[in-house]
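Residue numbers (my numbering), protein chains in the order written: chain A, 1 to 569; chain B, 570 to 947.
Note that CB positions come from ideal geometry on N, CA and C, so glycine has one too.
Working notes, beginning with the structure itself.
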């Protein structure tokens, strides 16, 4: 048996750990454990001097195993593995005992907390003896990308990739590029033409030889793993085109909310109650008219239809407020004599230039009303003396009065909702959806365009409602992530993953469906399962489930886990 | 009960001097900084809202504009530059027009050339009338005694006649103010005993403008009280003691000392106000409605011609004195006829009345066992 020389390092984390746990005692306790040749307590182990101390000890005292009793490994495992590599030993000869999140932060009893920290450290000392030297592995990176969705987001991602010399397959479900933005007249808050934005993108996409556009097509299947996806694209002729790609950008967008179920407005029965998209059509044609064909004297815009409601969607659709302000300006410029009423719950003017846009809307005399969340303004017929088509009864929160406002045309600001096929898309590319049907990102702040499936990225409104700038930013962020991988040429795969001992596998396939990452493939000829290491996230589900104990989790072997348990006890 | 909105009300108030009303987004900073905004009179935000929404009747029965003295803090704090202070000012003008049963007020406020035309016609009529009388009954070269051009007894009688007529108009408008803000609303139950108990407030607020003195800034109140007391002194001297004021050659020093002081007070305060409006030194001087200018210029003109005719008389130039006296009357008559019942001057009644009524409304709420924090019925 190898001669183990273990170094134990107890971090004080400033006072984060030290104020509850007696770190000196933990260190001296560790020194009594078999194989431990050095144990130290230090203020900040993750700091440069802390790491240098470890490196120095490894070199001078010939340490071959290191235990760090500090924060969660999620926080600094990579940091300390780096230190081990620098010192010239395999980075996997490290074990961390979490005495911060699992000890000092959650306990108040100093004595008991210190005892627990000793137990956790002892477990780590026992475990680290069984650590094996693991080597990183590499897989190939196919430089081709599949983009799903031909809206502003999908086209922006495709252009970014194609213009840096990479091949892109752009799959669009409908017969034309442009997406929802192609139905919009002007954009807020600078009143640029949406048509211009879209036309520029479409022309560039069509002109770029690196982009192959599939219209009226959809993704049929996607297999493989990051850098090595094998996909089938179904074309309008029914033909299935096989395409190999290294990455996928999902930019499938959103669907406007259908306000028919919102009874109070009589959408669908009252021809003068229209959705924002129907109003966009009027604006694009330059002809704002009521059902009687006359220009309206009073236009009423109602925010949050289908959004921020208990009955329909609880979330804010984010773009409607500024779009509503834009309508005010467009109506005033087309019909200067018209009055514009704008009914909001809260005015969300959060983006760059939006607060000024809001002020501008007031300056051109949009009249704002504030109605209560989860209530609905009521549409009433106009009286014989009124010079308007209808009255809208609003409980205006700004004056505390129930007010009847005259109106000829009501525009419902319909929110965004996940597309009907979002479940299908999520299943095909193996990503998750939240309760509202939006695709879930890997980390909401630090990894906003990646997903839990490596190599599959999400951008734009399929992730959640957002405006054009944010969608384009996400598209380009996803492209940048992909280009970074392409630039490396090959992908590093974590050394920690599950392995099937082929001789022991009975081919029962229990693990196949269990794997949340679809990382296990079955060879029907050999009747054996095997793990695609590039897809495996080392969750361990298959390891515990295998009835033949044929699957081994690297870095989480039975031996290691039992030793740790014994150490703790 | 739902009330119908009238989007045209804002434009209507704009002819009375309102500006940028629709820029207000109801953050409430104006109301938070106003030292007078107390329940149940929360202003200026709520008045701004009634106006934005076009709730005409609510705005009409609203006393709040009269409770504001336009110190300007609200406008200075407004993040949207919605000028709440100036809006309150325009509402006072609009309310003056609403209280006026003749419709003349509306005409004068909404078009400055109508006001100017009124002044010119009245001035011409006054000048011709007095000139005809003077030349028929005396000589333009005689200031007082027998054969005087404009004998004080005649002017005195004329003053009282005109005062009675104008007073009647003003009284009717005050009664209308009572009806619009108090009487017509059956929910405000004010007993005669309450009216009697609070009546002293009318005199207090008329003479001291106590509330104005409670603004954070004292300067405007000092300015205003000097102007107002000078004016009232002059009014009392003229209406009560015109023969003494105008008489000569014997000088009645106590009458004249008061007269000189009041004239000086008027000339200085009005000149300061005019300069302030030209230079826009204070927030409440930043925006000037046409009627503000006309009022100040008229007042300055009247005070100046009044003292000049007196000086000429004392210096022994009866001809110059009479000409200036005529010129003085040509200013006084249009100023009083137009301003007292129909325009700016009416506020000397409306402000104390509003103070009085607002206390009565609170009394009534409390008597009915209702929380004053509750929104006032309007």
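Neighbours of residue 632 (chain B) in chain A, taken as residues at a C-beta separation under 9 Å, are lacking, since the least C-beta distance is about 16 Å. Spatial neighbours of residue 528 (chain A) in its own chain (CB-CB distance under 6 Å, excluding positions within 5 residues in sequence) are listed in chain order as 502, 505 and 507. When the five nearest sequence neighbours on each side are left out, the beta carbons in the same chain lying within less than 8 Å of the beta carbon of residue 861 (chain B) are those of 846 and 913, in order along the chain.
One alpha carbon belongs to residue 289 (chain A), the other to residue 618 (chain B), and they sit about 30 Å apart.
For residue 189 (chain A), there is no enclosing alpha helix (DSSP H), since its DSSP letter is neither H nor E. Pairing residue 253 (chain A) with residue 228 (chain A) gives a Cβ-Cβ distance that is not under 8 Å.
Within the region 344 to 369 of chain A, the residues whose Cβ lies closer than 8 Å to some Cβ of chain B are 347, 358, 359, 362, 363, 365, 366, 367, 368 and 369, listed in chain order. Residue burial annotation: residue 291 (chain A) is exposed, with fewer than 16 other C-beta atoms found within 10 angstroms of its C-beta. Of all alpha-carbon atoms in B:894, B:584 and B:711, the one lying nearest the alpha-carbon of residue 696 (chain B) is that of B:894.
Spanning the alpha carbons of residue 533 (chain A) and residue 73 (chain A) requires a straight line of approximately 22 Å. Neighbours of residue 398 (chain A) across chain B, judged by C-beta separation under 7 Å: 595 and 618. Looking at the backbone, the Cα of residue 170 (chain A) and that of residue 207 (chain A) are separated by about 13 Å. Here residue 256 (chain A) is bridged, per DSSP, to A:416. One finds nothing in chain B with a Cβ atom closer than 7 Å to the Cβ of residue 127 (chain A); even the nearest lies about 60 Å away.
Residue 370 (chain A) has A:344 as its beta-bridge partners, per DSSP.
For residue 588 (chain B), none of the residues of chain A pass the 8 Å Cβ criterion, the least Cβ distance being about 11 Å. Uninterrupted beta strand (DSSP E) stretches at least 3 residues long and entirely within the region 303 to 340 of chain A do not occur. In the DSSP assignment, residue 610 (chain B) forms a beta bridge with B:607. Look at residue 443 (chain A) here: in three-state DSSP terms it is strand. Residues of chain B with a Cβ closer than 7 Å to the Cβ of residue 339 (chain A) are, in chain order, 576.
Closest by C-alpha distance to residue 830 (chain B), out of B:880, B:639, B:625 and B:795, is B:795. Of all alpha-carbon atoms in B:631, B:734 and B:602, the one lying nearest the alpha-carbon of residue 785 (chain B) is that of B:602. The C-alpha of residue 216 (chain A) is placed about 44 Å away from the C-alpha of residue 553 (chain A). For residue 242 (chain A), the enclosing beta strand (DSSP E) has its first and last residue at 240 to 245.
Scanning chain B for C-beta atoms nearer than 9 Å to the C-beta of residue 273 (chain A) yields nothing, as the closest lies near 19 Å away.
In this structure residue 933 (chain B) is in contact with residue 759 (chain B), their Cβ atoms being roughly 5 Å apart against a cut-off of 8 Å. Identification of chain B residues near residue 330 (chain A) by a Cβ-Cβ cut-off of 7 Å yields none; the smallest Cβ-Cβ distance measures about 17 Å. Neighbours of residue 649 (chain B) in chain A, taken as residues whose beta carbon is under 8 Å from its own, are 359 and 362 in chain order. Scanning chain A for C-beta atoms nearer than 8 Å to the C-beta of residue 837 (chain B) yields nothing, as the closest lies near 40 Å away.
When 7 Å is used as the limit between beta carbons, residue 411 (chain A) is near no residue of chain B, the shortest such separation being about 17 Å.
Per DSSP, the unbroken beta strand (DSSP E) holding residue 98 (chain A) starts and ends at 94 to 98. A Cβ-Cβ contact shorter than 8 Å links residue 405 (chain A) with residue 300 (chain A). Counting C-beta pairs with one atom in each stretch, the region 381 to 396 of chain A and the region 228 to 243 of chain A have fewer than three that are closer than 8 Å, which means they do not touch. In this chain, the beta strand (DSSP E) harbouring residue 65 (chain A) covers 65 to 70. Per the C-alpha coordinates, the member of A:516, A:512 and A:339 positioned closest to residue 547 (chain A) is A:512. For residue 115 (chain A), there is no enclosing beta strand (DSSP E); the enclosing alpha helix (DSSP H) has its first and last residue at 110 to 128.
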